[in-house]
Amino acid sequence: AKGKAICGFCITEPDAGSDVASARTVAVKKGEKYVLSGSKIFITNGTIADFLLVFALTNPDNPIHKRHSIFILDTSVSGFEADKIKGKMGIRASDTAEISLHDVEVPVGNLVGVEGEGFKQLMSFFNVTRPFVAAQGVGVAQGALEKIISHVRERKQFGKPLAEFEFIQFKVAELATEIEAARNLYMKAALAVDKGKSDPLLSSMAKWYAGEVGVKASNWAVQLHGGYGYIREYGVEKFYRDAKIVEIYEGAKEIEKLLIGRKLLRV
Ligand SMILES: Cc1cc2nc3c(=O)[nH]c(=O)nc-3n(C[C@H](O)[C@H](O)[C@H](O)COP(=O)(O)OP(=O)(O)OC[C@H]3O[C@@H](n4cnc5c(N)ncnc54)[C@H](O)[C@@H]3O)c2cc1C
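Read in this note's numbering, the sequence shown has 945 at position 210, and its numbers run on one by one without any break.
So, in structure tokens, the structure goes:
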């Protein structure tokens, strides 16, 4: 891989978010081609991707987790449309798009693996990608903590730096410990991925916890900067806006908890 082609993954639909198995974008086999039709939403890199993976319904009569397949789509094909979604709360440097597929033809060779295995493939994909997203949460949290430390060491109120107040020391200690715990968790999950034995439990734990720690640390970063934290010029509110997405995409945190709980309880 030379990093020259940009890609993305079209899973989410307007009516199928957390419940991915209800995705209705359809792929119908016609001779040597599949014809894809449907809508996808919130697709990262949607307007700039050279190719996209598309999660689509191929076998509607199969049991629920054997109905979908994944296709590689060249975005230069006719019938493909991508509209940029504007006005995001954070991660504004990342492209996000709504995708429309109007009878888009893809060669049968672009089917990934076997028809009907898409859901299973998707779950394996998330086991690998969730530690990456967890790392994003830890990065935001670490950046927020560094902002806090430099600010409270400099800012003086009541005649001394904020860093000399015990409450502030406790807060820094708590955040630093939680960030280190989140970092260790995603590293452990990533190590399992590197060994070719990705662990769904660890990946979900890492992603949920890192998202929560990122939101918490960036919230405290704004708080401990006082009014300055609320003003864009000071570069703190960006952490707050950027942290939240980790609790939403690649499986919202409630879904991570469902996966963890179900696995442990075997229900
Ligand atoms: C900036 C951005 C980039 C994204 N990039 C991509 C991408 O590249 N590809 C892609 O396919 N998608 C992408 N997404 C979509 C993202 O993965 C979904 O938004 C996410 O999975 C949640 O789906 P939803 O928005 O439909 O929310 P919903 O599924 O409607 O969920 C709403 C809330 O209800 C909760 N909830 C849902 N079901 C349950 C339940 N059973 N029990 C308890 N709580 C529940 C959820 O956790 C959530 O808090 C992106 C989203 C954003 C905002």
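Beta carbons are placed, not taken as given, at the ideal position from N, Cα and C, and that holds for glycine. Just so we're clear, the structure is a prediction, and the values are computed from it rather than from any experiment.
So, is the C-beta of residue i closer than 8 Å to a C-beta in chain C?
{"i": "VAL839", "result": "No chain C is present in this structure, which holds just one protein chain."}
With a threshold of 16 other CB atoms inside 10 Å of the CB of residue i, please say whether the residue is buried or exposed.
{"i": "PHE893", "result": "exposed"}
{"i": "GLN904", "result": "exposed"}
{"i": "TYR965", "result": "exposed"}
{"i": "ASN919", "result": "exposed"}
{"i": "ASP830", "result": "buried"}
{"i": "THR912", "result": "exposed"}
{"i": "LEU910", "result": "buried"}
{"i": "PHE902", "result": "exposed"}
{"i": "HIS837", "result": "exposed"}
{"i": "SER885", "result": "exposed"}
{"i": "LYS737", "result": "exposed"}
{"i": "LYS764", "result": "exposed"}
{"i": "ASP977", "result": "buried"}
{"i": "ALA832", "result": "buried"}
{"i": "ALA956", "result": "buried"}
{"i": "SER753", "result": "exposed"}
{"i": "ALA925", "result": "buried"}
Grab the span of the beta strand (DSSP E) containing residue i for me, first residue to last.
{"i": "ILE995", "result": "Run containing ILE995: none in the beta strand (DSSP E); it sits in the alpha helix (DSSP H), 988-1000."}
{"i": "LYS775", "result": "768-779"}
{"i": "LYS819", "result": "815-819"}
{"i": "PRO798", "result": "Careful: PRO798 lies outside any beta strand (DSSP E) and carries neither H nor E."}
{"i": "ALA762", "result": "761-765"}
{"i": "ALA832", "result": "831-842"}
{"i": "ILE805", "result": "803-809"}
For the alpha helix (DSSP H) containing residue i, list its first residue and its last residue.
{"i": "ASP977", "result": "972-978"}
{"i": "LYS923", "result": "901-929"}
{"i": "PHE893", "result": "Segment: none, PHE893 is in no alpha helix (DSSP H) and carries neither H nor E."}
{"i": "LEU937", "result": "935-959"}
Could you check how far apart the C-beta atoms of residue i and residue j are, in whole angstroms? I think they sit under 8 Å.
{"i": "GLU840", "j": "VAL770", "result": "6 Å"}
{"i": "PHE790", "j": "VAL755", "result": "7 Å"}
{"i": "ILE805", "j": "GLY853", "result": "5 Å"}
{"i": "VAL761", "j": "SER772", "result": "6 Å"}
{"i": "HIS960", "j": "VAL971", "result": "5 Å"}
{"i": "ALA876", "j": "ILE914", "result": "5 Å"}
{"i": "LYS979", "j": "MET824", "result": "6 Å"}
{"i": "ALA879", "j": "ARG888", "result": "Between ARG888 and ALA879 the Cβ distance is about 15 Å, and since that is not below 8 Å, they are no contact."}
{"i": "ASN954", "j": "TYR969", "result": "No, ASN954 and TYR969 are not in contact; Cβ-Cβ is about 15 Å, not under 8 Å."}
{"i": "THR810", "j": "LEU788", "result": "With 8 Å as the limit, THR810 and LEU788 do not qualify as a contact, their Cβ atoms being about 11 Å apart."}
{"i": "HIS803", "j": "LEU792", "result": "6 Å"}
- Query: Between the segment 934-950 and the segment 981-1001, are three or more C-beta pairs nearer than 8 Å?
  - Reply: yes
- Three or more beta-carbon pairs under 8 Å between the segment 779-789 and the segment 738-753, yes or no? yes
- Message: Any contact between the segment 858-878 and the segment 929-940? By contact I mean 3 or more CB pairs, one from each, below 8 Å.
- Response: yes
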